[in-house]
Structures are given as C-alpha cells and as structure tokens.
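Colleague: If you use the working numbering, the sequence shown closes out at 301, no skipped numbers anywhere.
All C-beta atoms, glycine included, are put in the ideal place defined by N, C-alpha and C.
Predicted model, so just to flag it, every value in this text is computed and none were measured.
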Amino acid sequence: FRNYLEALRQQAGIPGLAAAIVSGSEVVWEHAFGQQNVERAVPTRTDTPFRVDGLTEILTSALVLRCVEEGRIALDDPIDAFTPAGESRAGAGGSSSLTLRDILLHATGGAAPERPGFAYAPERLNRLTPVIERCAGEPLLGAFANLLDRLAMFDSVPGTDVVTREPDPEVAPGPEALARYARVLDRLATSYTVDRRGRATPVLLVSGALQPATGLVSTARDLAAFVTALRQGLLLRPETLVAAWTPPAGIDGLPLPHGLGWFVHVHNGEAVVWQFGLGNHASSRLVVSVP
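#1: Confirm, please, whether the CB-CB distance from P257 to L115 is below 8 angstroms.
#2: Unbroken beta strand (DSSP E) runs of length 3 or more, entirely within the stretch 210-296: which are they?
#3: Pairing CB atoms from the stretch 16-36 with CB atoms from the stretch 61-77, are three or more of them under 8 angstroms?
#4: Counting only the same chain and skipping the five closest in sequence on each side, list residues whose C-beta sits under 8 angstroms from that of A100.
#5: Label S98 either buried or exposed according to how many other C-beta atoms from any shown protein chain fall within 10 Å of its C-beta, with 16 as the threshold for buried.
#6: Which term fits P183, buried or exposed, when burial requires 16 or more other beta carbons within 10 angstroms of its beta carbon?
#7: Report buried or exposed for Q46, applying the criterion of at least 16 other Cβ atoms within 10 angstroms of its Cβ.
#8: Check whether the Cβ atoms of A234 and A30 sit closer than 8 angstroms, and answer yes or no.
#9: With which residues is E36 paired in a DSSP beta bridge?
#10: For the beta strand (DSSP E) that contains V204, what are its first and last residues?
#11: What did DSSP end up calling A42 once you bin it into helix, strand or coil?
#12: Scan the stretch 51-117 and note each continuous alpha helix (DSSP H) run of 4 residues or more that stays entirely inside, going in chain order.
#13: Are the stretch 290-300 and the stretch 153-167 touching by the rule of at least three beta carbon pairs closer than 8 angstroms?
#14: When we look at the beta-carbon of A84 and count the other beta-carbons within 10 Å, is it buried (16 or more) or exposed?
#15: Just to confirm the assignment, what range does the alpha helix (DSSP H) spanning T139 have?
#16: Taking its Cβ as the centre, do 16 or more other Cβ atoms sit within 10 Å of H277, making it buried, or is it exposed?
#17: Checking the sheet assignment: what are the DSSP bridge partners for F128?
#18: Nearest to S293 by CA position, among L270, L246, T200 and A17, is which residue?
#19: With a threshold of 16 other CB atoms inside 10 Å of the CB of R111, please say whether the residue is buried or exposed.
#20: Would DSSP call P168 helix, strand or coil?
#21: Does the pairing of the stretch 132-144 with the stretch 222-238 give three or more beta-carbon distances under 8 angstroms?
#22: Measure the C-alpha to C-alpha separation of V195 and A189 and round it to an integer number of angstroms.
#23: Following the continuous alpha helix (DSSP H) through F154, name the residue where it begins and the one where it ends.
#24: Given this structure, state the Cα-to-Cα distance separating L266 from F128, to the nearest angstrom.
#25: Could you pull out every residue in the same chain whose Cβ sits closer than 7 angstroms to the Cβ of R12, ignoring the five residues on either side in sequence?
#26: Buried or exposed, going by whether 16 or more other CB atoms sit within 10 Å of the CB of A102?
#27: Return the chain-ordered list of same chain residues with a C-beta closer than 7 angstroms to the C-beta of L15, the five sequence neighbours on each side being excluded.
#28: Just mark T109 as buried or exposed, buried being the case when its beta carbon has 16 or more other beta carbons within 10 Å.
#29: Starting from N186, trace the alpha helix (DSSP H) both ways and give me its first and last residue.
#30: Kindly identify the DSSP beta-bridge partner or partners of A28.
#31: I need the straight-line Cα distance from S217 to A91, nearest angstrom please.
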C-alpha cells in the first residue's frame, strides 16, 4: 500500500501526502510522503496539519445526528424552522421544502420525499449552522472546539481564522486552546497546484472561518481518532451509524449515492463508506471506511 501511494503521488505530482489505516481502536499503519513545503524542503509528517475542506462534513453530520439522538431535533424538521429571521432562503442556499435529512443526504427533497433525487450541494450544509448552535447552546466554533477536545484531536483547528478573529469570552476556545491552535497553524502544509508536467506551484489561500461544509484543519492521525470514536460508538449509537450509512432509494428506485454525511458504495456486497475534501487547484483528501 505504501508503494502504491508513493507511485500515485509521483505520477500525480503531489508534493506531500500523509496516510493512516485504522483497525479496531488502533492506527495499525501510517506513513508520510514527500514534502509539506517544497520551497523550504520541510518533509511531510503523519501529524502534519492540512486544510481538510469537505471532510468537515463528517464532523458536522456527527454533531447533528447526536442532537437527533438526544431528541432535541428531528431529521424531518424543515430547515426553514432554524433559519434566522430576515435571512433569505436564496442566500442560505436551498428551497423552502428542504429538511435536515435532505441536506445531510444531498437530496432534492420536494413533493415526494420518499423518493428523493440527488443533488450534491456542499454549500447547503452551511444552513445547518443554527441547527448545531441551538443544540449545543453555543456558537458553531465552540461546538466544534469541544468536539475536538473531547476526542483529543489536539492537532486540529476549527478554522484558519480562529487565532486572528476578535476573541469572544463567551465562546470556547480559551487562551490556552488558542495558543495551541496557533502552534498547529504554524505547521500547516502549503497548498499546491500541479500542472500537466507535474510542476507544483504554491497556492496562497486566505484564512477562512469554520463552516459546516468546510474550514476544518486536521491531520491523518486526528481524523483516524475521529473515525475510531465514531465506529466504537463513542459519538453515536450503533443503530444511528447504521442508518447514516444506509442511503434511501431515490427517484429511480436505486439507493442514493450519499447517506447522512457520507457517500456509500456497495462493492462485492460490502458497503464502502467515504467522504472527500477538495481545495480547488490546491489540495485534496479522502476518508474511506469499510465496515
């Protein structure tokens, strides 16, 4: 597997790559490839922080589904019930008929919810901000910060702007966490675009706030810790995870390609569950779970 990844990295011109394999409650294999900063010749490590972009969704779905388990919300609640007064539906990204389930499934919703269509629209996940905040009783940043601390994901940061934004004494994280976030961001991998000849050029990305769809910074090790906690039932009940990883039938009667927060594909009778993140012309990442 290491040789395969290294060959793939060289073929695609990827400057730096980190990977880990989890079995049970342990990381049974991990490896770092190439350089996280080519100009400075800084080698990639398995604890190198990366912008994980769309992988933020798997933490978002866990927070929402945990809230459903607690009976605070229901998946069939309309998203408009949580939309702040005065915020336009168009600006929030979605129609008035969408439910929380539709957004996590990337489904179209509409008049026939029992047979939804599929429309991959990650930006709609950002409408879940007030849902998470109502459940957590605190802003989105605090909800994510608490989740990261609970899972000892100490090389993860809830948004690249967290150390530069105006501090709010009512919102976690505190000074100690902010100092740790700053140290992690100092080690953040450089993002690159690679041309057809395999030449890498650094991409200067602006700092961004955490959103349900994107913004998380994490490492291969920390993401492994999250997946381990999820599969061990430390975040969600086993039956909730089974439901999340069992997509409903769509308009054509076939299962949708996406469950509640995760893509689902059946290969040789086994469900392969995955999610990806993509920084346009900058970087990419992938989590695959085989139950």
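Modeller: Short version:
#1: yes
#2: Qualifying beta strand (DSSP E) stretches, in chain order: 210-213, 226-228, 273-277 and 280-289.
#3: no
#4: With a pLDDT of only 46 at A100, under 50, the local geometry of the prediction cannot be trusted, and the value read off the model is given with reservation. Closer than 8 angstroms at the Cβ level, and outside the excluded window around A100, lies no residue.
#5: Residue confidence is low: S98 scores 49 on pLDDT, short of 50, so the model does not pin down where it sits. Its coordinate-derived value is still stated next. With fewer than 16 Cβ atoms within 10 Å of its Cβ, S98 is classed as exposed.
#6: By the Cβ-count criterion, P183 is buried, with 16 or more other Cβ atoms from all chains shown falling within 10 Å of its own Cβ.
#7: For Q46, the number of other beta carbons within 10 angstroms of its own is at least 16, and it is reported as buried.
#8: yes
#9: E36 is bridged by DSSP to S33.
#10: S201 to V204
#11: strand
#12: 66-79, 99-102 and 110-115
#13: no
#14: Exposed, because fewer than 16 other Cβ atoms sit within 10 Å of the Cβ of A84.
#15: First-last of the alpha helix (DSSP H) with T139: T139 to A146.
#16: exposed
#17: A117
#18: Comparing Cα-Cα distances from S293 to each of L270, L246, T200 and A17, the minimum goes to T200.
#19: buried
#20: strand
#21: yes
#22: Before going on, a small fix: residue 195 reads as Leu here, not Val. Those two C-alpha atoms are separated by around 10 angstroms.
#23: L150 to R160
#24: Distance from the CA atom of L266 to the CA atom of F128, rounded to whole angstroms, is 7 angstroms.
#25: H41
#26: With a pLDDT of 45 at A102, under the threshold of 50, the predicted position of this residue should be treated as unreliable, though the coordinate-derived value follows. Burial call: buried.
#27: L27, A29 and F43
#28: buried
#29: Reading off the sequence shown, one finds Glu at residue 186, where the question assumed Asn. Its alpha helix (DSSP H) spans residues P185 to D196.
#30: A42
#31: 31 angstroms
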